[in-house]
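> Structure incoming, see below.
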Amino acid sequence: MEEAETGTEITNNQLQTEVDDAQPEPEEQNTKDITWTASEFVAHDKSAGWYGLLALTTIVLAVAIYLLFHDVISVAVVVFAGLLFGFYAGHQPRQLNYSLNSRGLNIGEKHYNFDHFRWFSIVQEGAFSGVLFMPHKRFAPTITVYYPPEEEDQIMAILTSRLPVENHKADAVDSLMKHIRF
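With the numbering used here as the guide, the letters of the sequence shown map in order to residues 16 to 197.
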């Protein structure tokens, strides 16, 4: 008889554990951080031909501006912009630490409350998935955060509970940058 009672007792303990697990946690306690490390942007390898085409485009544009306007300052600005564009094209991304919880998003040491954003969208860039955050401020830049695929379900659960999801359409500049693999 003792064995039967012990068997029933274990079953009751298991049931009690399952009931305890099923009860929702209070909001303050449900702040589990999801942390990961990822590149700040997706880097595309650029060949010498890419840089040569950039130099050729810059020269042609500078000559055309000089022939149309005879303005050396405008030509200098175009050449400077071409050099700056080439410099940033060769820039390699940093590895940043990201964390997400019910209070907001942390990128390195910077914290963003969810109140900072209007909505978010899922973006695909080649084999990488990311989240694009649209800020409330008109001239604030969008923030794109890339994440590992194994964290996607947890990340989406937190984000969808805090922000609306919108389908983001790439504008002309985004399409151009994607086309030239910037």
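All C-beta atoms, glycine included, are put in the ideal place defined by N, C-alpha and C.
With DSSP collapsed to three states, give me the class of residue 57.
Coil at residue 57, not helix or strand.
> Answer yes if the region 107-125 comes into contact with the region 72-84, meaning at least three C-beta pairs across the two stretches below 8 Å, and no otherwise.
Output reads no: the region 107-125 does not touch the region 72-84.
> Which residues does DSSP pair with residue 150 in a beta bridge?
Bridge partners of residue 150: 132.
> Is the number of C-beta pairs between the region 127-142 and the region 99-111 that are closer than 8 Å three or more?
Flag = no, the region 127-142 and the region 99-111 do not touch.
> Count the other CB atoms, across all protein chains shown, that sit within 10 Å of the CB of residue 53; report buried if there are 16 or more and exposed otherwise.
Answer is buried; the Cβ neighbour count reaches 16.
> Within the same chain, show all residues whose beta-carbon is closer than 7 Å to that of residue 81, passing over the 5 residues directly before and after it, in chain order.
Taken in chain order, the residues that qualify are 90.
> Closer than 8 Å is the cut-off here; do at least three beta carbon pairs connect the region 182-192 with the region 163-173?
They do not touch, by the three-pair rule.
> Pairs of beta-carbons, one from the region 144-151 and one from the region 91-104, closer than 8 Å: are there three or more?
No, they do not touch.
> Under 8 Å, Cβ to Cβ, is there at least one residue of chain C near residue 107?
Judged by its chain identifiers, the structure shown contains no chain C, having just a single protein chain.
> Name the two residues that bound the continuous alpha helix (DSSP H) containing residue 160.
Looking at the DSSP string, residue 160 is not in any alpha helix (DSSP H); the run it does join, the beta strand (DSSP E), is 158-161.
> Once DSSP output is grouped into helix, strand and coil, what is the label at residue 89?
Here residue 89 sits in helix by DSSP.
> Rounding to the nearest angstrom, what Cα-Cα distance links residue 137 and residue 183 in this structure?
Using only the alpha carbons, I get a separation of about 8 Å.
> Name the residue from 185, 167, 92 whose alpha carbon lies nearest to the alpha carbon of residue 114.
Per the Cα distances, 167.
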